[in-house]
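Please read the structure below before turning to the comments.
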Amino acid sequence: MATLSLRSLSKYYGAVEVVRGLDLEIADRELAVFVGPSGCGKSTLLRMIAGLEEVDAGDILIDGRSVVDVPPADRGLAMVFQSYALYPHMSAFDNLAFGLRRAGLPRAEIEARISRAAALLQITPLLPRRPREMSGGQRQRVAIGRAIVREPRAFLFDEPLSNLDASLRSEMRTQILALHQRLEATMIFVTHDQVEAMTLADKIVVLNGGRIEQVGSPMEVYAAPRNLFVARFIGSPGMNLLPATVFASTPGLLAVDLTGEAAASAGRILFDRPAAAIAAGSAVTVGLRAAHFAVAGPGAPALDLSVDLVERLGDATHVHGRLGGAARVTVALEGTAPARPGDRIPLTLRPGVGHLFDAAGQAVPAAGARLEGTATSW
Amino acid sequence: MTARGPGVRRRPRAWLTAVLRHAALIAVAALLMLPFYWMLVSALKSRGQIFARPLQWWPDPPVWSNLVAVLDYPGFPYWLLLGNTLFYAGMVTLGTVLSCAAAGYSFACLRWRGRDTLFAATVATLLIPAIATFLPTYLIWARLGLTGTYWPLILPAYLGNAFFIFMLRQFFLGIPRELFDAARMDGAGELRIFLQIALPIVRPALIVVAVFTTLYTWHDFFGPLIYLQDPADFPLSVGLFAFRSQRTTEWALSMTAALYTTLPLVLLFALASGYFLRGARIAKF
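Residue numbers (the working numbering), protein chains in the order written: chain A, 1 to 378; chain B, 1001 to 1285.
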C-alpha cells in the first residue's frame, strides 16, 4: 500500500484556478474522503492524482516518489468511476481482465486474480455477463472488482455511489468499508454527500473553491469546524448559524446578543473560556447544531421557538421553526416529541455545546455556550 | 361494468385502425416492390413477351434459359464484372469506414489545435456539389496519368467522406469520457482505445456507413464510366450497357443481368439487416 503527498498542487482551466496550491498528506492504509459542493475541485484533484489531468504546478508523491510525469497506468493506482465506466461490449470477465492483459500478466495469473476478486465481491455468476445485463449495484461491484484485480497501491473512488438508490447506496457504503478493512488499502473517496464522508472516512478533507477548508477525522471536523463553510457543510441537518454581536468580553467569558430577528427571542448567550478575546460590539456568528437544543424547564432562561414544520424520524423529531419569529432553525428533539406546527417551545442549550465564529468566519474555540441566567452579573 | 364498457367499445375501433394501417403499409410496399418485380418477371420473358400487349404480369411460359444465356452473352463477362464490382465496392467501403472512423474519432475525442475549425471546414464541403468539382478533379487524375485505372475511384475514399465523418463524430461524442479514462488507467494507449474501446461501441454506425457506401459504389455508374477505359475493368453497373446497341436492346437479358447485379446486394442486406436497422435506429435515420 502507499502514502500519498500533495505539495502546492495547482490546476488551471484557462485563467480559472480550480485547484489552488493544495498541500495534503494521506497515510498508508488510510481512507481519505474528499468532500465538498459541486465545482469545488474534488474530482479534478482525484483525476490529477490518477494522472488523468495534467498538473500545472506542484507535485504529487506516492511513497515519496514524484509521479507527476508518470502515465496513469504506471502510478500503481486503480480508479472506480461514477458511471462505473465498464466497457459495454465486453463481459464482466473481460472488463476485469483488460488492464491485466495490457500489463502483460500470464493468463493463469489473470484468471486467479479475477477469481479471487469475484469471490470477494460475490460477482462470480456475473463474470460472463455484459454490463447491460446487470443491475446498477452489480455493475458497481464489477467496477470495484476491476480496481481490485490490479492490486494497486491505492484506490481512487470518484463519487461511485451517486448513481445508486438510497438503500443500495447504504449497502455499497458498508461493503466499501468492509473492503477497506479487509484489503488494508489506502483509499481516496470523492463525494459531495457529507453523510458518506462522515461514515466512511478515517480522514475528511473538506474542499471549497479549489482550497482545503479543513482536514481531520470525521468527529474532529464535526465537533470543531474550523470555519463557517465547514460548519454549514458538515452535519445533517446543517448547523444553525445565528448572527450575533459581542456584548461583553472578560477573561474566561464572552457574552453575545443574538442580532436581527432572533434577538427578540431571548437574547444573550454566554461562551465559557473562549480562546480569544473579541472586542465588544464586534459581529460574530453563533453556531448551534440541531442536537444542541433541549426543551427548557419552567423558569429557566429560554429561546422561544415558533414551530413551522415537524419531521418525525422515529428515534428523533426534527422541529423546524423560527427563533423570535424570523431566524430559521432546526432543532432535534429526542424520541417522538409532541410538537405541532404553530406550537411555541422554550429551548435551552445542552451543556458544553455551541460554536462561535468571528467576523471573518473563522472559529473561536470555546468551552461551550449557555443561555444567560440570573446568576450572571456584569 | 363501467370499467369494461369503454374497453369493449374501443376494441373494434382499434382493430379497424390496425387493418387500415396495415393496408396502407402493404400498398406502399407493393408500390415500392413493383419495379423489382417487373425486373424479375422481365428476366424470364422472351422478346415477344416483353413487348406483348396487354402487359404480361407473369411470363407464360417462363424463359428459364435466360438465366444461363446471360452468363454467356458476348460483352457481358458476368463473373469478371462481378469481381471488378466486388473489388471496387470492397476497397471503397474499407477506405471510407477506416478514414471516416479515424477522422470522426479525432474530431470527437482527441484534443488538438485547430480541430474545431477543420471540422467546420469539413462539414462546409457538404455544401459543394460533387459535380462542380468533377472536372478539376478529373484533370488532376489525368495529369497524374492515372485515368484508366481504379486509383481515381478508390483513393478518395481513403481521404474521408464529410457526411460520414460528421455522422461518426456524433456517435463518438456519445461515448462517455469515463470509458476512455478507465482504459487509460488500464494502460491502453490512444490507438488501442480507438481500436478496442471506441470502434466496437460504434459498430452499428460503422455498419451503416459500410452498407451505404457499398450500395452507392455498387450502383455507381458515372465515376467508372468516366475514369475507366478498358471493358475488362468495368464494374457491373457499366457492364450492363453491353445489352444496348445502336439498333436494338436485349431487354430480357438486360433484366436478367440487372437481376444478377442486384442479387448480391440483397444478400448483403439480408446478412447485415440486424446491424443495419439497429445502426439506423441509433443514427435516427
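Note that CB positions come from ideal geometry on N, CA and C, so glycine has one too.
Can you tell me which of the three DSSP states residue i falls into?
i: alanine 370/A; result: What sits at residue 370/A in the sequence shown is arginine, not alanine. Three-state result, arginine 370/A: strand.
i: lysine 1045/B; result: coil
i: proline 1062/B; result: coil
i: arginine 146/A; result: helix
i: proline 287/A; result: First, the amino acid is wrong: residue 287/A is glycine here, not proline. If DSSP states are grouped into helix, strand and coil, glycine 287/A belongs with the strands.
i: glutamine 362/A; result: strand
i: glycine 137/A; result: helix
i: leucine 77/A; result: strand
i: histidine 192/A; result: coil
i: phenylalanine 157/A; result: strand
i: valine 70/A; result: coil
i: histidine 318/A; result: strand
i: alanine 1161/B; result: For the record, residue 1161/B in the displayed sequence is asparagine; it is not alanine. If DSSP states are grouped into helix, strand and coil, asparagine 1161/B belongs with coil.
i: glycine 58/A; result: strand
i: threonine 1214/B; result: helix
i: glycine 433/A; result: Here chain A has residues from 1 to 378 only, and residue 433/A is not among them.
i: glutamate 171/A; result: helix
i: tyrosine 84/A; result: coil
i: tyrosine 1073/B; result: coil
i: threonine 1002/B; result: Because threonine 1002/B sits at a pLDDT of 46, beneath the cut-off of 50, its placement in the model cannot be relied upon, and the following sentence gives the value as read from the coordinates. Coil, per DSSP.
i: valine 1202/B; result: coil
i: arginine 129/A; result: coil
i: alanine 231/A; result: helix
i: alanine 375/A; result: Model confidence at alanine 375/A stands at a pLDDT of 44, short of 50, so the residue's coordinates are unreliable and nothing is read from them.
i: isoleucine 1207/B; result: helix
i: proline 346/A; result: strand
i: isoleucine 1050/B; result: helix
i: isoleucine 176/A; result: helix
i: glutamine 1196/B; result: helix
What does residue i touch in chain B if you count any residue whose Cβ is under 8 Å from its own?
i: leucine 52/A; result: Asp1181, Arg1184 and Met1185
i: alanine 78/A; result: Met1185
Output, in chain order, the set of chain A residues within a Cβ distance shorter than 9 Å of residue i.
i: alanine 1188/B; result: Ala73, Phe98, Gly99 and Arg102
Taking all protein chains shown into account, do 16 or more other C-beta atoms lie within 10 angstroms of the C-beta of residue i, making it buried, or fewer, making it exposed?
i: threonine 1002/B; result: Unreliable positioning characterises threonine 1002/B in this predicted model, as indicated by a pLDDT of 46, which lies under 50. The coordinate reading is nonetheless provided below. Flag for threonine 1002/B reads exposed.
i: tryptophan 1058/B; result: exposed
i: aspartate 165/A; result: exposed
i: histidine 355/A; result: buried
i: valine 1202/B; result: buried
i: alanine 119/A; result: exposed
i: alanine 1270/B; result: exposed
i: proline 1129/B; result: exposed
i: glycine 104/A; result: exposed
i: valine 230/A; result: buried
i: methionine 1033/B; result: exposed
i: leucine 1139/B; result: exposed
i: serine 377/A; result: Low confidence applies here, because serine 377/A scores a pLDDT of 49, under 50, leaving its location unreliable; read the following figure in that light. So serine 377/A counts as exposed.
i: leucine 1071/B; result: exposed
i: histidine 1022/B; result: exposed
i: aspartate 158/A; result: buried
i: arginine 1113/B; result: exposed
i: leucine 1144/B; result: exposed
i: tryptophan 1141/B; result: buried
i: isoleucine 145/A; result: For the record, residue 145/A in the displayed sequence is glycine; it is not isoleucine. Classification of glycine 145/A: buried, given that the 10 Å Cβ count is 16 or more.
Find the residues of chain B that neighbour residue i, judging by a C-beta separation of less than 7 Å, and give them in chain order.
i: tyrosine 87/A; result: Leu1179 and Ile1197
i: serine 83/A; result: Pro1176 and Glu1178
Residues, ordered as in the chain, of the region 1167-1186 of chain B that lie near chain A by beta-carbon distance below 8 Å: Pro1176, Glu1178, Leu1179, Asp1181, Ala1182, Ala1183, Arg1184, Met1185 and Asp1186
Against chain A: residues of the region 1201-1219 of chain B by CB proximity under 7 Å: Ile1201
Touching by the beta-carbon criterion (3+ pairs, under 8 Å), the region 1228-1236 of chain B and the region 1081-1097 of chain B: The region 1228-1236 of chain B, when compared against the region 1081-1097 of chain B, does touch it at the 8 Å Cβ threshold.
The region 171-178 of chain A contacting the region 82-94 of chain A, beta-carbon criterion three pairs below 8 Å: With a cut-off of 8 Å, the region 82-94 of chain A and the region 171-178 of chain A do not count as touching, because too few Cβ pairs lie within range.
Stretch-stretch touch, CB-based, cutoff 8 Å, three pairs: the region 57-75 of chain A with the region 1170-1188 of chain B: yes
Validate contact between the region 273-289 of chain A and the region 238-250 of chain A using beta carbons, cut 8 Å, 3 pairs: yes
Validate contact between the region 97-114 of chain A and the region 1213-1230 of chain B using beta carbons, cut 8 Å, 3 pairs: no
The region 277-286 of chain A in contact with the region 243-257 of chain A per 3-pair CB rule at 8 Å: yes
The region 27-34 of chain A in contact with the region 76-85 of chain A per 3-pair CB rule at 8 Å: Three or more Cβ pairs closer than 8 Å define a contact, and the region 27-34 of chain A falls short of that threshold against the region 76-85 of chain A.
Cβ pair count under 8 Å reaching 3, the region 39-48 of chain A against the region 1138-1150 of chain B: no
Stretch-stretch touch, CB-based, cutoff 8 Å, three pairs: the region 211-227 of chain A with the region 50-68 of chain A: For the pair of segments examined, the region 211-227 of chain A was found not to touch the region 50-68 of chain A: the number of CB pairs separated by less than 8 Å stays below three.
contact_flag[the region 43-53 of chain A, the region 180-197 of chain A] where n(CB pairs < 8 Å) is 3 or more: yes
Contact between the region 1042-1062 of chain B and the region 1247-1259 of chain B (3+ Cβ pairs under 8 Å): yes
Cβ pair count under 8 Å reaching 3, the region 138-145 of chain A against the region 9-17 of chain A: no
Cβ pair count under 8 Å reaching 3, the region 333-340 of chain A against the region 314-325 of chain A: yes
Stretch-stretch touch, CB-based, cutoff 8 Å, three pairs: the region 360-367 of chain A with the region 269-277 of chain A: Because the criterion of three Cβ pairs below 8 Å is met, the region 360-367 of chain A and the region 269-277 of chain A touch.
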